[in-house]
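Written below as structure tokens is the structure these notes are about.
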Amino acid sequence: LINMTITSDNDVSGAGNIVLTSAPLNVNGGIITLNSNGQSVTQSGIIGGNETINSVNGAVSIGLLNGDAVGTRNLTVNAGTGTFATTAVLGGTNKFNNVTVSADDVLLGANIYGSGILTLQPTTLTKIVHVNNGSGDFNLSTPEIGSLADGWSNLNLGRMDGSLSNFHNIQRNGCSIYLYNVMDVTNASNSFTFNSGGGDIVFSGAIQGASAKQIILNAGTGTISFGSTVNGTHGVTATAQAISFNGAWG
Numbered sequence: 003l004i005n006m007t008i009t010s011d012n013d014v015s016g017a018g019n020i021v022l023t024s025a026p027l028n029v030n031g032g033i034i035t036l037n038s039n040g041q042s043v044t045q046s047g048i049i050g051g052n053e054t055i056n057s058v059n060g061a062v063s064i065g066l067l068n069g070d071a072v073g074t075r076n077l078t079v080n081a082g083t084g085t086f087a088t089t090a091v092l093g094g095t096n097k098f099n100n101v102t103v104s105a106d107d108v109l110l111g112a113n114i115y116g117s118g119i120l121t122l123q124p125t126t127l128t129k130i131v132h133v134n135n136g137s138g139d140f141n142l143s144t145p146e147i148g149s150l151a152d153g154w155s156n157l158n159l160g161r162m163d164g165s166l167s168n169f170h171n172i173q174r175n176g177c178s179i180y181l182y183n184v185m186d187v188t189n190a191s192n193s194f195t196f197n198s199g200g201g202d203i204v205f206s207g208a209i210q211g212a213s214a215k216q217i218i219l220n221a222g223t224g225t226i227s228f229g230s231t232v233n234g235t236h237g238v239t240a241t242a243q244a245i246s247f248n249g250a251w252g
């Protein structure tokens, strides 16, 4: 195994940016670490081991990137208050295993493929996660949700210790969906629909709001778990193999 660490300085002129274009990082299953000290990171190519990017609030942009073997490589991005962006397909030739992104915003411009756990979360605790519902803060639009390609085992959105979240319409095929923290439906303009295609749907926090819109949950042969209270005037329709309740409704 070969471990590789690339660390730039914090030159404010931009001379410390890390740029790896079509670069094969062949470390024979070792660990790859990119530290940019607040500068940007731009990368494409092939990674031959698990990679961690620490940009310390610098922007991270990933182009065409693959592992060297199907479903074995993990990618972790710690962008701090910076933005994580994709400009080409990730894992299209060789799927990743787990991908974890912590950044205060994401701009997904192409599909992301993997077979393990995909986690997208804001770094700042007060950032509100918007999925197909609203803009600003940590926002995933309809096309961006569509870029989270089928094949993941789990999709984790939001933070356990973060601010409330707004979710609207998520459809996955056989992928378990974990929605962290409170879901606020107060200002919903449409019904909320979650189709996991046989995966589990898990709400870790409360569902709250005065919206009269419907929440439609379809886990098929999977399960649905309500981790806390469900409050408001909205209706809830849930279809699953099993449904569990861990808080009051009303």
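Adding 2 to a residue's 1-based position in the sequence shown gives its number in our numbering.
Note that CB positions come from ideal geometry on N, CA and C, so glycine has one too.
Terminal residues of the continuous alpha helix (DSSP H) containing residue i?
i: THR126; result: Run containing THR126: none; DSSP gives neither H nor E here.
For residue i and residue j, what's the separation of their Cα atoms in angstroms?
i: THR126; j: VAL103; result: 13 Å
i: THR32; j: GLY118; result: The residue you asked about is not Thr; residue 32 is Gly in the sequence shown. One C-alpha to the other measures close to 19 Å.
i: THR144; j: LEU27; result: 33 Å
i: ILE48; j: ALA71; result: 10 Å
i: THR239; j: ILE4; result: 52 Å
i: GLY252; j: GLN210; result: 10 Å
i: GLY200; j: ASN175; result: 7 Å
i: GLY222; j: ASP202; result: 9 Å
i: THR44; j: VAL21; result: 5 Å
i: GLY69; j: ALA105; result: 22 Å
i: ASN78; j: MET185; result: The question names Asn, yet the displayed sequence has Thr at residue 78. Approximately 26 Å, taken between the alpha carbons.
i: MET254; j: THR9; result: This structure does not reach residue 254, given that the chain is present from 3 up to 252, and the question cannot be answered.
i: THR54; j: ASN233; result: 40 Å
i: ALA151; j: LEU181; result: 18 Å
i: GLY82; j: ILE34; result: 19 Å
i: ASN37; j: THR95; result: 26 Å
Between the options, which lies nearest to residue i when the distance is taken from Cα to Cα?
i: ARG208; options: GLY18, GLY176, LYS97, ASN183; result: A small fix is needed here, since residue 208 is Ala in this sequence, not Arg. Among GLY18, GLY176, LYS97, ASN183, the Cα nearest to that of ALA208 belongs to ASN183.
i: PHE86; options: ILE114, THR74, VAL238; result: ILE114
i: ALA90; options: ILE218, ILE64, ASN248, VAL133; result: ILE64
i: GLY84; options: ALA71, ASP107, LYS129; result: ASP107
i: GLY224; options: ILE8, GLN173, ALA244; result: ALA244
i: ASP11; options: GLY60, GLY51, ILE34; result: GLY60
i: ILE217; options: LEU181, ASP163, VAL21, HIS236; result: HIS236
i: ASP139; options: GLN123, GLY148, LEU150; result: GLN123
i: ALA121; options: ASN68, LEU157, LEU36, THR9; result: Note on identity: in this sequence residue 121 is Thr, with Ala being the wrong assignment. Nearest of ASN68, LEU157, LEU36, THR9 to THR121, Cα basis: LEU157.
i: LYS129; options: LEU181, ALA151, GLY160; result: GLY160
i: VAL62; options: THR95, GLY234, LEU109, GLY51; result: LEU109
i: ASN52; options: GLY82, ALA151, MET6, LEU66; result: MET6
I'd like the span of the beta strand (DSSP E) that includes residue i, first residue to last.
i: ILE203; result: 203-205
i: GLY47; result: 43-49
i: THR35; result: 33-37
i: ILE226; result: 225-228
i: ILE147; result: Premise fails: ILE147 lies in the alpha helix (DSSP H), 144-148, not in any beta strand (DSSP E).
i: VAL21; result: 20-27
i: TYR180; result: 178-181
i: ILE40; result: Before going on, a small fix: residue 40 reads as Gly here, not Ile. Per DSSP, GLY40 belongs to no beta strand (DSSP E) and is neither H nor E.
i: ASN156; result: 156-159
i: THR235; result: Taken as a continuous stretch (DSSP letters only), THR235 belongs to no beta strand (DSSP E), as it is neither H nor E.
i: THR74; result: From DSSP, THR74 is part of no beta strand (DSSP E); its letter is neither H nor E.
For residue i, which residues in the same chain have their Cβ closer than 6 Å to its Cβ, ignoring the five residues on either side in sequence?
i: ASN220; result: ASN197, THR241
i: THR23; result: SER46
i: SER227; result: VAL204, SER246
i: PHE116; result: For clarity, residue 116 is Gly in the given sequence; the question names Phe instead. Here the set comprises GLY93, LYS97, PHE98, VAL101, TRP154.
i: ASN141; result: HIS132
Can you tell me the Cβ-Cβ gap for residue i and residue j, rounded? I've got them flagged as a contact below 8 Å.
i: ASN19; j: SER42; result: 5 Å
i: ASN99; j: ASN80; result: About 18 Å separates the two Cβ atoms, so there is no contact after all.
i: ASN39; j: VAL58; result: 6 Å
i: ILE179; j: ILE147; result: The Cβ separation is near 11 Å, so there is no contact.
Would you say residue i faces chain B, with C-beta separation under 7 Å as the test?
i: HIS236; result: Here chain B cannot be found, since the structure has a single protein chain.
In chain order, what residues of the same chain lie with their CB nearer than 7 Å to the CB of residue i, ignoring the 5 residues before and after it?
i: THR74; result: ASN99
i: LEU66; result: SER46, ALA90, VAL91
Apart from the five residues just before and just after residue i, which ones in its own chain have a Cβ nearer than 8 Å to its Cβ?
i: ASN248; result: SER227, PHE228, GLY229, SER230
i: ALA112; result: THR88, THR89, ALA90, VAL91, LEU92, SER149
i: SER206; result: MET162, TYR180, LEU181, TYR182, ASN183, GLY229, SER230
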